[in-house]
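A.B. asks: One structure, pasted below without further comment.
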Amino acid sequence: GGVGKTTLAKKIYNDERIQKWFSVKKWVCVSLDFDDIILLKDIYDGTKDDLAGDQSRSSLEPKVETSLRGKKLFLVLDDVWTAKVWCDLLCNTLKSCASGSRILVTTRNGQIVKQMKAVNTHQMNKLSLKDSWILLCKKVVLTGEEAEIQHLEDIGMEIVKKCDGLPLAL
Numbered sequence: 001g002g003v004g005k006t007t008l009a010k011k012i013y014n015d016e017r018i019q020k021w022f023s024v025k026k027w028v029c030v031s032l033d034f035d036d037i038i039l040l041k042d043i044y045d046g047t048k049d050d051l052a053g054d055q056s057r058s059s060l061e062p063k064v065e066t067s068l069r070g071k072k073l074f075l076v077l078d079d080v081w082t083a084k085v086w087c088d089l090l091c092n093t094l095k096s097c098a099s100g101s102r103i104l105v106t107t108r109n110g111q112i113v114k115q116m117k118a119v120n121t122h123q124m125n126k127l128s129l130k131d132s133w134i135l136l137c138k139k140v141v142l143t144g145e146e147a148e149i150q151h152l153e154d155i156g157m158e159i160v161k162k163c164d165g166l167p168l169a170l
């Protein structure tokens, strides 16, 4: 991790065009040991009180489906570790959403998006040494004057190399 998948997803999620285009926007972190019930409740479009007594997939899935029926959904599934979240849990439940609904998935494993039959994918790559240095300069020099840090370039480049192109490490 650390190449900026979640950061990019947040920028997209918060973009005003997304805010205007989709009637329902949901962000769900799907960790390695995600819980089906919690995930369904997080996606439900209504008050959580409506689901207070529901603790099974069989009772939650139809309610989630009904709550999203005909609505244009933008759903972010962040940090997905298994295609099970889509293939076994959400695929059928979200079929009632309006045409044009979109799901953005972040994952470390490219095989997962293939198993989920993703239409479009974007591979995040590590930064080059040059881009890492530029990012480090921006983080260290608050005034925007790169000259302030140029005398530290030798040590800075050592830091950049140790961070291995991962923006989060910088």
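For the sequence shown, UniProt numbering assigns the number 170 to the last residue and increments by one with no breaks.
All C-beta atoms, glycine included, are put in the ideal place defined by N, C-alpha and C.
Once the 5 residues before and after LEU166 are set aside, which same chain residues still bring their CB inside 7 Å of it?
C.D. replies: The residue labelled residue 166 in the question sits at position 166 within the sequence shown. Cβ neighbours of LEU166 beyond the five flanking positions: GLY2, VAL3, LYS126.
A.B. asks: Give the range of the alpha helix (DSSP H) segment to which LEU135 is assigned.
C.D. replies: Numbered from its first residue, the sequence shown carries residue 135 at position 135. Start and end: 129–140.
A.B. asks: Grouping DSSP H, G and I as helix and E and B as strand, with all else coil, what is LEU152?
C.D. replies: Stepping through the sequence shown from its first residue, residue 152 is reached at position 152. If DSSP states are grouped into helix, strand and coil, LEU152 belongs with coil.
A.B. asks: Can you tell me the Cα-Cα spacing of ASP35 and SER56, whole angstroms?
C.D. replies: On the sequence shown, residue 35 is found 35 positions in, with the first residue counted as 1. On the sequence shown, residue 56 is found 56 positions in, with the first residue counted as 1. Each residue's Cα considered, the two are about 11 Å apart.
A.B. asks: Taking DSSP's pairing of strands, which residues face PHE74 in a bridge?
C.D. replies: To locate residue 74, count along the sequence shown from 1; it is residue 74. Answer is LYS25, ARG102, bridged to PHE74.
A.B. asks: At which residues does the alpha helix (DSSP H) containing ARG108 begin and terminate?
C.D. replies: Against the sequence shown, residue 108 aligns to sequence position 108. Unbroken run through ARG108: none, as it is neither H nor E.
A.B. asks: Relative to the alpha-carbon of VAL24, which residue among SER99, LEU8, ASP88, SER58 has its alpha-carbon at the smallest distance?
C.D. replies: The sequence position of residue 24 within the sequence shown is 24, counting from 1. Per the Cα distances, SER99.
A.B. asks: Run through DSSP, which three-state label would ASP49 get?
C.D. replies: If you number the sequence shown from 1, residue 49 lands on position 49. In the structure shown, ASP49 sits in a helix (DSSP, three-state: H, G or I).
A.B. asks: Whole angstroms are fine: how far does the CA of LEU51 sit from the CA of ILE37?
C.D. replies: The residue you call residue 37 lines up with position 37 of the sequence shown. The residue you call residue 51 lines up with position 51 of the sequence shown. So the alpha carbons of these two residues sit roughly 10 Å apart.
A.B. asks: Using DSSP's beta-bridge definition, name the partner residues of residue 203.
C.D. replies: Any answer about residue 203 is impossible in this case: the structure gives the chain only from 1 up to 170.
A.B. asks: Among the residues of its own chain, which have a CB less than 6 Å from the CB of LEU75, if the five just before and after it don't count?
C.D. replies: One-based indexing of the sequence shown puts residue 75 at position 75. For LEU75, where only same-chain residues beyond five positions count, the Cβ hits under 6 Å are LYS26, ILE103.
A.B. asks: Of the residues THR6, ASN14, GLU61, TYR13, which one's Cα is nearest the Cα of SER31?
C.D. replies: Taking the first residue of the sequence shown as position 1, residue 31 is located at position 31. When THR6, ASN14, GLU61, TYR13 are compared, the shortest CA-CA separation from SER31 is found for THR6.
A.B. asks: Straight-line CA distance for ASP88 to ASP131?
C.D. replies: The residue given as residue 88 occupies position 88 in the sequence shown. The residue given as residue 131 occupies position 131 in the sequence shown. Distance between the alpha carbons of ASP88 and ASP131: 40 Å.
A.B. asks: In the structure shown, what three-state DSSP assignment does MET116 receive?
C.D. replies: Translated into the one-based positions of the sequence shown, residue 116 becomes position 116. MET116 falls in the coil class under three-state DSSP.
A.B. asks: Need the endpoints of the alpha helix (DSSP H) that THR66 sits in, please.
C.D. replies: Walking along the sequence shown from the start, residue 66 turns up at place 66. Its alpha helix (DSSP H) spans residues 57–68.
A.B. asks: Can you tell me the Cα-Cα spacing of ASN120 and GLY110, whole angstroms?
C.D. replies: Taking the first residue of the sequence shown as 1, we reach residue 120 at position 120. Taking the first residue of the sequence shown as 1, we reach residue 110 at position 110. Near 12 Å, if we compare the C-alpha coordinates of GLY110 and ASN120.
A.B. asks: Have a look at TRP133 and MET157 and give me their C-alpha separation to the nearest angstrom.
C.D. replies: Along the sequence shown, one-based indexing puts residue 133 at 133. Along the sequence shown, one-based indexing puts residue 157 at 157. Those two C-alpha atoms are separated by around 7 Å.
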